[in-house]
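J.: Position one of the sequence shown corresponds to residue 1183 (the working numbering), numbered consecutively onward.
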Amino acid sequence: MPATYRKPPLQDLSILVTRPEKQARKFVQELENAGARTHLLPTIVTVPPPDWLATDRAITELALYQWLIFSSVNGVEAFLQRFREKQGDEKSLSQIKIVSVGPETARAIQAAGLHCTLIAKEYAAEGLIELFADRDLKGHRILLPRALKARELLPETLRRQGAEVNVVAVYQTIFPPQSSLLLEELLRCRKIDIITLTSASTANNLVENCHHPAACSRLRKITTACIGPITAAAATAAGLQVKIVAPDYTSAGLLQALIDFAANNPTLKR
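1) Strictly by DSSP, which residues pair up with T1220?
2) Could you check which residue in P1327, R1207, W1249, E1390 has the C-alpha nearest to that of L1422?
3) Around the Cβ of T1237, are there at least 16 other Cβ atoms within 10 angstroms (buried) or fewer (exposed)?
4) Please report the straight-line C-alpha distance between N1446 and I1412, rounded to a whole angstrom.
5) Are L1213 and L1192 closer than 8 angstroms when you measure CB to CB?
6) Classify I1324 as helix, strand or coil using the three-state DSSP reduction.
7) Runs of 4 residues minimum, wholly inside the segment 1341–1428: which ones carry the alpha helix (DSSP H) assignment?
8) Where V1283 and A1240 are concerned, what is the direct C-alpha to C-alpha distance, given to the nearest angstrom?
9) Counting Cβ pairs, one atom from each stretch, are 3 or more of them under 8 angstroms apart for the segment 1393–1413 and the segment 1220–1229?
10) Check the DSSP bridge columns for L1300 and list the partner residues they point to.
11) Starting from the C-beta of R1342, find all residues in its chain whose C-beta is less than 7 angstroms away, skip the five residues before and the five after it, and write them out in chain order.
12) Buried or exposed: N1215, going by 16 or more other Cβ atoms within 10 Å of its Cβ?
13) Can you look up A1294 in the DSSP assignment and give me helix, strand or coil?
14) Where K1268 and F1443 are concerned, what is the direct C-alpha to C-alpha distance, given to the nearest angstrom?
15) Inspect the CB distances between the segment 1360–1368 and the segment 1331–1345 and report whether three or more fall short of 8 angstroms.
16) Can you tell me whether G1257 is buried or exposed? The criterion is at least 16 other CB atoms within 10 Å of its CB, across all chains shown.
17) Give the DSSP bridge partners of F1252, in chain order.
18) What residues are listed by DSSP as bridge partners for T1228?
19) Considering only their Cβ atoms, is the gap separating A1329 from A1351 smaller than 8 angstroms?
20) Return the CA-CA distance between I1280 and C1298, expressed in angstroms with no decimal places.
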């Protein structure tokens, strides 16, 4: 009998990827392997913080901390790069308990030869809070390297539990200026079936930098897929049509959510 052809699960769907190019490469390849046509339009680019004063001081005083918490891959990469510049290598980090927000961040930590004492199951601040819920943190010092702008839920909660939390900015995100024109061109030509978002900042930047009224109107009608509930809340507040939220807050989880949605919505292709 002739072999039965089974079309790829995302065949003919045109998907917008808004992650920074470096982080998007694997996800783009997986989407294309699943049959999708991809458009890479980074709505954020990671750049150094305004200054390194607080981070450099924390690095020199690292022995005073019991915990080092990473809430993103960007935080890991930026902090470790600065740490190497100031200290030469990561050997002294083996003396501190390192905590990761989820598996992708944990892999970035482990790739540097470091051990994660704790890994949150939920890829969000709430997951980290759950890890520490039953711990007595009185007298504990926690270092939290993260983005310049981020939610205060985690440090505020840990402080209420008695910890001294030092939040240091190791990177900030900005919108790449060239992306505005490309976005409006894609919308004008109606080339997008699904928008994928992986953080609140990708959602907010996408909407804030769509300037043409007709393009913005189309943007708000396109099916939007989010990596988790925090991103989904930001996208919804920005006026986007969120119809897909990954239950597993990873790129793999987002890919599977897209495949499941496409299977249940065969008329999705516009």
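Even glycine gets a Cβ: it sits at the ideal position worked out from N, Cα and C.
T.: Reading it off the structure:
1) I1197
2) E1390
3) buried
4) 24 angstroms
5) yes
6) strand
7) 1361–1370, 1382–1390, 1395–1401, 1411–1419
8) 20 angstroms
9) no
10) V1281
11) none
12) exposed
13) coil
14) 47 angstroms
15) no
16) buried
17) S1282
18) T1355
19) yes
20) 5 angstroms
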